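Report on the structure given below.
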Amino acid sequence: MSTGAVEPLLREALSTASRAAHLLVACDFDGTLAPIVAHRDDARALTPSLDALGLLTALRDTTVAVVSGRALRDLADVGHLPEGVLLVGSHGAELGDDEPDHDVVARRDALIDAVRSVTAGVDGVDLEPKPAGVAVHVRAAARTDAARVLDALRAGPAQLPGVVALAGKEVLELSVVSADKGAALEVLRRRATATATVFLGDDLTDETAFERLLPGDVGVKVGPGVTGAEHRVPDPHVVADALALLATERAAWLARS
Ligand SMILES: [Mg+2]
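Quick note, the working numbering runs 163 ahead of the 1-based positions in the sequence shown.
Take a look at the structure:
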């Protein structure tokens with residue numbers, strides 16, 4: 164394990180969190196556990212991060228969750244996450260325990276029709292249907308096309324009654340239910356009866372989770388950009404270092420106490 168790239172202040176905060184009565188470790192997937200790649204089906208979590216999450220889930224009084232914007236089924240398919248890791252999809256709209264109702268499905272289908280009418284025929288725009296909405300990815304589109312499509316989506320489908328828009332990096336999410344990672348984190352924390360939470364994420368949508376952190380919790384922003392998180396790491400490789408450090412310290416603490 165190399166922890167040299169983990170800043171001393173973050174190391175200290177993780178060390179303190181590792182001594183919590185019940186620790187919740189929650190992380191985003193893309194850009195956090197997995198480096199960003201051109202095609203999102205090819206995204207894979209770094210092996211050292213998977214190893215660290217595996218170690219953490221095996222510990223008592225420790226809950227591990229991955230909270231992603233991806234649909235839950237998609238997250239399960241690409242994630243290859245260790246057994247025992249809780250999966251939360253669609254920014255918290257899919258907590259893994261409830262089936263979407265018929266009304267949601269009907270409104271989702273109408274939303275997707277409206278989105279298709281905007282994106283039809285535009286190269287490099289990729290629709291990702293989800294149980295309660297759709298993500299429109301523009302990473303592979305020409306810059307002028309991307310801007311035009313995003314503007315048209317905001318002016319059109321995003322204005323449909325009950326539709327919530329959420330902007331990410333190179334993606335606009337449109338959903339017929341309101342969910343955010345911050346609300347999901349609250350549910351996870353309550354269910355786990357966590358006394359300290361460590362949350363790591365790289366995108367705008369992770370900011371809602373950073374906002375909900377309490378004193379003693381540890382928020383880690385991955386990469387550049389404005390953030391409410393107290394700590395920052397440059398990339399998923401240092402995420403792996405931080406998770407490994409947390410796992411090692413947590414295991415040592417539990418063995419002693
Ligand atoms: Mg991300």
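Quick reminder that beta carbons are idealized off the backbone N, C-alpha and C, glycines included.
Predicted, not measured: the structure shown is a model, and the values here were computed from it.
query = Would you call the region 366-380 and the region 334-344 in contact, with 3 or more CB pairs under 8 Å?
reply = yes
query = Would you report the Cα separation of residue 407 and residue 356, rounded to the nearest angstrom?
reply = 23 Å
query = Looking at C-beta atoms only, is the number of pairs between the region 316-323 and the region 227-247 that lie closer than 8 Å three or more?
reply = no
query = Just reading off the alpha helix (DSSP H) that residue 413 is part of, what are its end residues?
reply = That run of the alpha helix (DSSP H) goes 399-419.
query = Secondary structure at residue 228, three-state DSSP: helix, strand or coil?
reply = Of the three classes helix, strand and coil, the one that applies to residue 228 here is strand, per DSSP.
request  = In angstroms with no decimal places, state the Cα-to-Cα distance between residue 304 and residue 288.
outcome  = 6 Å
task = Leaving out five residues on either side along the sequence, give the residues of the same chain with a beta carbon under 7 Å from the beta carbon of residue 375.
result = 345, 348, 349
ask   = Is it a yes or a no for the region 379-399 touching the region 215-226, going by three-plus beta-carbon pairs under 8 Å?
value = Here the region 379-399 does not lie against the region 215-226, with fewer than 3 beta-carbon pairs under 8 Å apart.
query = Taking the DSSP output, what are the residues bridged to residue 292?
reply = 297
key: Within 7 Å, strictly: CB atoms of residue 325 and residue 312   = With respect to the 7 Å criterion, residue 325 and residue 312 are not classified as neighbours on the basis of their beta carbons.
N-terminal and C-terminal residue of the alpha helix (DSSP H) that residue 238 is part of = 235-242
query = Does any heavy atom of ligand 1 sit closer than 6 Å to the C-beta of residue 194?
reply = yes
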